[in-house]
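Trainee: Using this note's numbering, read the sequence shown as starting at 100 and increasing by one per residue.
The beta carbon of each residue, even a glycine, is placed where N, CA and C say it ideally should be.
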Amino acid sequence: MSIVSPCIKVCSIDPATGYCVGCGRSRPEIAGWSRMSDAERDGVMAALDDRPRMAQFAVAMDCATCGACAGRTAQA
Numbered sequence: 100m101s102i103v104s105p106c107i108k109v110c111s112i113d114p115a116t117g118y119c120v121g122c123g124r125s126r127p128e129i130a131g132w133s134r135m136s137d138a139e140r141d142g143v144m145a146a147l148d149d150r151p152r153m154a155q156f157a158v159a160m161d162c163a164t165c166g167a168c169a170g171r172t173a174q175a
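1) State the start and end residues of the unbroken alpha helix (DSSP H) segment that holds Ile129.
2) My guess is that Arg126 and Ile107 are in contact by the Cβ rule of under 8 Å, so how many angstroms apart are they, rounded?
3) Would you decide whether Gly142 is buried or exposed? Buried here means 16 or more other CB atoms lie within 10 Å of its CB.
4) When DSSP builds the beta bridges, which residues end up paired with Cys110?
5) Going by other Cβ atoms of all chains shown within 10 Å of its Cβ, with 16 needed for buried, is Val103 buried or exposed?
6) Less than 8 Å between the CB atoms is what I'm expecting for Pro105 and Arg134, so what's the real figure, rounded?
7) When DSSP builds the beta bridges, which residues end up paired with Cys119?
Structural data, given as structure tokens:
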């Protein structure tokens, strides 16, 4: 059985933890995922519950009306 990647396409390594803010994996785990055995992947998946993932705290924003991010301005 092949274990599906935990990647949620929010890829950014948190310098404080060394883990991806989206999936919770480390750089070596991300880079080696395709070469890992199912047992190794299962071990990584089991460890993810104890790792910080900031993407879970993301807030959906309406950038078209907000204008606060990335220096954009709202269009009236």
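Mentor: Straight from the coordinates:
1) Counting along the chain, the alpha helix (DSSP H) containing Ile129 begins and ends at Arg126 to Gly131.
2) Wrong, their Cβ atoms sit about 17 Å apart, outside the cutoff.
3) With fewer than 16 other Cβ atoms within 10 Å, it is exposed.
4) Beta-bridge pairing links Cys110 to no other residue.
5) exposed
6) Going by Cβ atoms, the distance from Pro105 to Arg134 rounds to 16 Å, so no, they are not a contact pair.
7) Ile112
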